[in-house]
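Chemist:
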Amino acid sequence: MIHLRLPERDQEREKILDQAAKTGTALEINVSPQRMDLDEQWIRSAQDKGVTLVLATNSHSLVDLKNMQLGAGFARRGWCRTASVLNTQSWTSIQAFVARKQALVSRSLKA
């Protein structure tokens, strides 16, 4: 995993996001209060490039699941749209995303 809050990652943001878009890779918005990354600039840029996002609470206990509501507000700071967030989609849409990703990986392994 690439920790995207490191300053040097901001300099590489466009390359990272272009590669995520090209490879169909979803990026995590970690909404744990100790992490809170991707930041709003990353979220906006990711959406502009068509990168799928996932809200994750980084829960290590049930009580940590409450961070999802906080995280939704955090994602909105980056103008995050529901359509960009994989775990707001239907199960069928999630399965289709996984199938597309598996097909991309399979093709790249054959190349």
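Position in the sequence shown (from 1) plus 1284 gives the number in the working numbering.
Positions of the beta carbon are idealized from the N, C-alpha and C atoms, including for glycine.
1) What residue range does the beta strand (DSSP E) around Leu1339 cover?
2) Starting from Asn1314, follow the alpha helix (DSSP H) in both directions and report where the run begins and ends.
3) Just mark Ala1383 as buried or exposed, buried being the case when its beta carbon has 16 or more other beta carbons within 10 Å.
4) If the criterion is Cβ atoms closer than 7 Å, does the pair Ala1359 and Val1335 meet it?
5) Asn1371 lies in the alpha helix (DSSP H); which residues open and close that run?
Modeler: Once the coordinates are examined:
1) Position 55 of the sequence shown, counted from the start, is the residue given in the question as residue 1339. Secondary structure note for Leu1339: its beta strand (DSSP E) is the uninterrupted segment Leu1337 to Ala1340.
2) Residue mapping note: residue 1314 aligns to position 30 of the sequence shown, counting from 1. For Asn1314, there is no enclosing alpha helix (DSSP H); the enclosing beta strand (DSSP E) covers residues Leu1311 to Asn1314.
3) Sequence index remark: in the sequence shown, residue 1383 carries index 99 (1-based). It counts as exposed.
4) Looking up residue 1359 in the sequence shown gives position 75. Looking up residue 1335 in the sequence shown gives position 51. Judged by beta-carbon spacing, Val1335 lies beyond the 7 Å limit of Ala1359, meaning their Cβ atoms are not closer than that value.
5) In the sequence shown, the residue the question calls residue 1371 occupies position 87. First-last for Asn1371: undefined, no H or E at that position.
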